[in-house]
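A.B. asks: Just dropping this structure here.
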Amino acid sequence: MDARLNYSAVPTAGKALKHFMSAGKAIGDLPLPAATQELVALRVSQINGCAACVDTHTKEAAAAGETLARLNLVAVWREATVLTEAERAALELAEEGTRVAAAGRGVSDAVWAYAAEHHDEEQLTALVILVAFMNAVNRLNVITRQPAGDYEPGRFH
């Protein structure tokens with residue numbers, strides 16, 4: 013598959029995406045465990061069909077020591093026994109936050125309460141920012157058909 017746009021070759025993209033991606037780097041410093049961040053980024057990307065981001069976050073998580081079992085089970089996290097309750101709460105919030113249009117109601121009070129049981133306000137803020145950021149990145153990549161498979165861990169971090 014060929015990309016519709018090569019962001020690195022378009023000056024307009026370079027100007028805007030430099031700032032956008034710096035926001036992404038700042039998200040990594042937010043008070044949310046790195047493993048949770050990668051699992052959430054991976055799940056949001058799976059839902060949105062963003063192959064480039066699935067490639068990126070699978071490889072980043074593996075390079076950081078995440079197990080294949082946990083990575084392979086993110087898509088079916090409700091049935092997986094390898095995730096913590098805090099990770100489950102984060103994944104459920106990520107799913108509802110990603111599917112806001114489909115649900116027609118945004119994030120439910122029950123899902124928010126479940127996330128709040130396992131995350132303080134700083135972590136909830138980080139989760140919301142991460143979900144919104146990943147949805148935006150997914151759209152940049154899906155719209156322009158960015159290919160997957162050649163990502164090297166550390167490129168964006």
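In case it helps, our numbering puts the sequence shown at residues 13 to 169.
Cβ coordinates follow ideal geometry from the N, Cα and C atoms, glycine included.
For Leu54, tell me which candidate among Asp41, Ala106, Arg16 and Val119 has the shortest Cα-Cα distance.
C.D. replies: Leu54 has its Cα closest to that of Ala106, out of Asp41, Ala106, Arg16 and Val119.
A.B. asks: Just list the alpha helix (DSSP H) runs in the segment 31-88, keeping only unbroken ones of 4 residues or longer that don't cross its boundaries, in chain order.
C.D. replies: Runs found: 46-60, 63-75 and 80-84.
A.B. asks: Is the separation between the beta-carbon of His69 and that of Ala101 shorter than 8 Å?
C.D. replies: Taking 8 Å as the Cβ cut-off, His69 and Ala101 do not qualify as a contacting pair.
A.B. asks: Taking the Cβ atom as the reference point for each residue, do Gln58 and Ala87 lie within a distance shorter than 8 Å?
C.D. replies: Taking 8 Å as the Cβ cut-off, Gln58 and Ala87 qualify as a contacting pair.
A.B. asks: Could one say the Cβ of Val140 lies closer than 8 Å to chain C's Cβ atoms, at least one of them?
C.D. replies: The displayed structure is made up of one protein chain only, and chain C is not part of it.
A.B. asks: With a CB to CB cut of under 7 Å and the five nearest residues on each side skipped, what residues in its chain are close to Gly118?
C.D. replies: Answer for Gly118: Val112, listed in chain order.
A.B. asks: Could you check where the alpha helix (DSSP H) with Val123 kicks off and where it finishes?
C.D. replies: Val123 -> alpha helix (DSSP H) spans Asp121 to His130.
A.B. asks: With a threshold of 16 other CB atoms inside 10 Å of the CB of Thr96, please say whether the residue is buried or exposed.
C.D. replies: Exposed, by the Cβ-count rule.
A.B. asks: Within 10 Å of its beta-carbon, does Glu72 have 16 or more other beta-carbons around it, so buried, or fewer, so exposed?
C.D. replies: Answer is buried; the Cβ neighbour count reaches 16.
A.B. asks: So for Tyr163, helix, strand or coil by DSSP?
C.D. replies: Of the three classes helix, strand and coil, the one that applies to Tyr163 here is coil, per DSSP.
A.B. asks: Answer with buried or exposed for Val22, where buried requires no fewer than 16 other C-beta atoms within 10 angstroms of its C-beta.
C.D. replies: Burial call: exposed.
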